[in-house]
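Since the structure comes first, as structure tokens, the remarks are kept for the end.
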Amino acid sequence: MTREELFANAKAKREEEKEKESQRQNFDFEKITWGAMKSKRMKAIRIFGSPESVRGDDPFSPKLINYSYILGDDDKKFRCIWPFKDDDEAWILWKILNKVCAYTWNSTTESKEYHYDKKHPTVFNRVFKNNKTDNSYEKGWRPAKAVLMNVIDRDMMQWHNDNKHTVLLSKKASEMGEGNFFYTPGVPITLYNLIFDEIVASHGDWEDFDVAVLKLKEKPWYAAYHFADDEGKAAFKKYEFEIDVKLASTPLTEAERNWEKYNIDDLFPITTFKRIHSRLKHFIGQVDEVFDTHYLDELESYVEDEEKIRKEKKAEKEEQKASMPVDEDAKKVVEKKPEPAEEKEESEEKEESEVKIRTRKAKTTEFDLSAYDFPGISKLTDEEKSNIIGFDGEKGTFKYTEGTGQIFHCLNKDEGCMMEAPDTFHSCPGCGEEFEE
Numbered sequence: 019m020t021r022e023e024l025f026a027n028a029k030a031k032r033e034e035e036k037e038k039e040s041q042r043q044n045f046d047f048e049k050i051t052w053g054a055m056k057s058k059r060m061k062a063i064r065i066f067g068s069p070e071s072v073r074g075d076d077p078f079s080p081k082l083i084n085y086s087y088i089l090g091d092d093d094k095k096f097r098c099i100w101p102f103k104d105d106d107e108a109w110i111l112w113k114i115l116n117k118v119c120a121y122t123w124n125s126t127t128e129s130k131e132y133h134y135d136k137k138h139p140t141v142f143n144r145v146f147k148n149n150k151t152d153n154s155y156e157k158g159w160r161p162a163k164a165v166l167m168n169v170i171d172r173d174m175m176q177w178h179n180d181n182k183h184t185v186l187l188s189k190k191a192s193e194m195g196e197g198n199f200f201y202t203p204g205v206p207i208t209l210y211n212l213i214f215d216e217i218v219a220s221h222g223d224w225e226d227f228d229v230a231v232l233k234l235k236e237k238p239w240y241a242a243y244h245f246a247d248d249e250g251k252a253a254f255k256k257y258e259f260e261i262d263v264k265l266a267s268t269p270l271t272e273a274e275r276n277w278e279k280y281n282i283d284d285l286f287p288i289t290t291f292k293r294i295h296s297r298l299k300h301f302i303g304q305v306d307e308v309f310d311t312h313y314l315d316e317l318e319s320y321v322e323d324e325e326k327i328r329k330e331k332k333a334e335k336e337e338q339k340a341s342m343p344v345d346e347d348a349k350k351v352v353e354k355k356p357e358p359a360e361e362k363e364e365s366e367e368k369e370e371s372e373v374k375i376r377t378r379k380a381k382t383t384e385f386d387l388s389a390y391d392f393p394g395i396s397k398l399t400d401e402e403k404s405n406i407i408g409f410d411g412e413k414g415t416f417k418y419t420e421g422t423g424q425i426f427h428c429l430n431k432d433e434g435c436m437m438e439a440p441d442t443f444h445s446c447p448g449c450g451e452e453f454e455e
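19 is the number of the first residue of the sequence shown in the working numbering; add one for each residue after it.
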């Protein structure tokens with residue numbers, strides 16, 4: 019075989035690898051910094067963007083989402099973001115929820131009488147309570163509304179000034195040990211409406227003043243005040259809380275308006291059919307057996323359509339990229355042959371290196387986990403393993419495919435583990451510690 023033939027074969031194999039691994043790409047997850055509310059502690063915030071009802075295509079303005087935590091086939095919960103029922107009642111999980119939890123209203127007892135709670139308790143309890151039938155707080159699949167907002171948290175001004183970035187407001191932080199927390203995404207729609215009805219209606223644009231919000235331990239559960247109002251000042255005394263941060267009554271400065279903000283649309287999209295299929299396909303198959311339905315077939319057809327659209331969008335992006343004019347100056351720097359090391363200045367090396375980094379393509383080769391001896395790898399599901407695409411030697415942690423989830427540090431310091439992993443993983447790929455729900 020000639021060298022020309024050897025290189026032709028190598029090129030053909032490389033194209034096969036690229037096609038096979040087209041969905042794998044190196045992606046830097048945006049880690050969210052939250053500003054969490056605490057019970058009976060007033061929090062001063064400045065809200066960014068337009069009201070949720072008129073946000074339009076602005077991905078940084080407050081957004082209303084519908085989400086729940088669902089028990090998957092691996093007995094671990096995953097966060098699922100639903101479309102609103104009025105927008106898409108035919109969405110696959112809405113159809114299954116409505117079927118399994120069908121009920122008749124009893125006007126005498128003023129309560130719901132479920133059709134299948136006793137006839138098919140296995141599937142009913144899975145959907146209705148995530149199998150936690152003795153937990154009165156467990157909501158099962160039923161989604162709850164929450165509003166995500168970019169804000170300035172006056173308790174975190176040092177962080178804001180250092181990072182020139184907003185935070186997302188959270189209704190609660192749950193401590194996970196060693197000073198680390200899990201944050202409930204967003205705040206209830208009741209608090210958002212309270213801010214709008216009680217403050218915005220009287221004072222106008224919320225970018226022009228601070229709002230004081232408070233979480234209560236009893237109904238009405240939340241309070242919100244314009245800090246300059248007599249009512250607001252009285253509230254501080256009523257709840258025996260002294261504001262220990264400086265509240266502002268002037269509009270956002272130009273510098274603050276230019277701070278980076280979280281793209282809420284990108285961070286909290288509707289859960290994909292592919293993800294639903296990977297987490298619930300076995301259970302949905304059970305539902306089909308019990309009710310003689312075809313939800314799994316329907317879901318798999320949606321997965322195929324979704325994948326087709328994804329490939330079309332990818333091809334469109336590649337076509338646009340190919341049609342973009344080449345930066346000849348950058349190309350010359352990249353293609354320039356290196357000079358002898360003793361004759362090159364350090365600053366020149368750095369400049370050329372930076373240009374090369376900016377212009378190289380995303381890594382697409384298959385990642386071999388067998389080269390790593392972390393004990394947690396064997397505990398991962400096949401889907402979780404497939405979402406590992408590389409290893410960051412400098413940070414000592416794996417890299418993950420786009421859209422896998424929000425990234426957290428493992429908290430099992432007893433084993434000396436500080437591996438990073440998505441919140442969609444059920445255990446740590448490093449030490450194997452199972453994550454809390």
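Glycine included, every Cβ here is placed at the ideal spot set by N, Cα and C. It should be emphasised that the depicted structure is a prediction, and the values quoted were computed from it without experimental measurement.
Distance, residue j Cα to residue i Cα
i	j	result
Ser267	Ala219	16 Å
Ile506	Pro206	A query on residue 506 cannot be resolved here, the shown segment of the chain reaching from 19 to 455 and no further.
Asp310	Lys331	36 Å
Trp277	Lys182	5 Å
Gly204	Val169	11 Å
Asn153	Phe146	11 Å
Ile213	Arg275	21 Å
Glu452	Lys94	10 Å
Phe96	Thr442	6 Å
His427	Asp228	33 Å
Asn149	Thr208	28 Å
Thr415	Lys326	32 Å
Thr271	Phe78	18 Å
Glu370	Pro80	Note that Glu370 scores a pLDDT of 35, beneath 50, so its modelled location is shaky and nothing firm can be said.
Asp180	Tyr390	37 Å
Ser57	Phe142	34 Å
Arg64	Tyr280	15 Å
Ala333	Asn405	22 Å
Ala191	Leu166	15 Å
Helix, strand or coil at residue i [DSSP, three-state]
i	result
Asn181	helix
Glu370	Confidence at Glu370 is low in this model, with a pLDDT of 35, below 50, so its placement is unreliable and the value that follows should be read with caution. The answer is helix: DSSP assigns Glu370 an H, G or I state.
Ala439	strand
Lys233	strand
Asn153	coil
Asn27	helix
Phe214	helix
Arg160	coil
Ala62	strand
Trp224	helix
Glu451	coil
Ile288	coil
Glu22	helix
Phe409	strand
Asn84	strand
Residue i: first and last residue of the uninterrupted alpha helix (DSSP H) it sits in
i	result
Glu196	Careful: Glu196 lies outside any alpha helix (DSSP H) and carries neither H nor E.
Tyr240	No alpha helix (DSSP H) holds Tyr240; the beta strand (DSSP E) holding it covers 240-244.
Lys403	400-404
Lys292	291-309
Arg275	272-275
Ser79	It is not in any alpha helix (DSSP H) - Ser79 carries neither H nor E in the DSSP assignment.
Asp284	282-285
Val321	313-341
Any C-beta of chain C under 8 Å from that of residue i
i	result
Thr127	In the structure shown, chain C cannot be found, because there is only a single protein chain.
Extent of the continuous beta strand (DSSP E) run through residue i
i	result
Tyr418	415-418
Ile99	95-100
Phe392	Note, Phe392: premise wrong, no beta strand (DSSP E); not H, not E.
Asp171	168-171
Ala54	52-54
Ile425	425-427
Check whether the region 282-302 touches the region 90-106, counting contact only when three or more Cβ pairs, one atom from each stretch, lie closer than 8 Å. By the C-beta criterion, the region 282-302 is judged to be in contact with the region 90-106, since at least 3 inter-stretch pairs fall below 8 Å.
Could you tell me which uninterrupted alpha helix (DSSP H) segments, each at least 4 residues in length, are contained entirely in the region 113-139, listed from first to last along the chain? Not a single unbroken stretch of the alpha helix (DSSP H) spanning 4 or more residues falls wholly within the region 113-139.
If you pair each beta-carbon of the region 66-76 with each one of the region 444-453, do three or more pairs fall below 8 Å? With a cut-off of 8 Å, the region 444-453 and the region 66-76 do not count as touching, because too few Cβ pairs lie within range.
contact_flag[the region 180-195, the region 49-61] where n(CB pairs < 8 Å) is 3 or more: They touch, by the three-pair rule.
Cβ contact (3+ pairs, closer than 8 Å) linking the region 111-123 and the region 133-143: Three or more beta-carbon pairs drawn from the region 111-123 and the region 133-143 are found closer than 8 Å, and the two stretches are therefore classed as touching.
Kindly confirm or deny that the region 76-90 and the region 296-316 touch, where touching means at least three C-beta pairs closer than 8 Å. Enough Cβ pairs lie closer than 8 Å, so yes.
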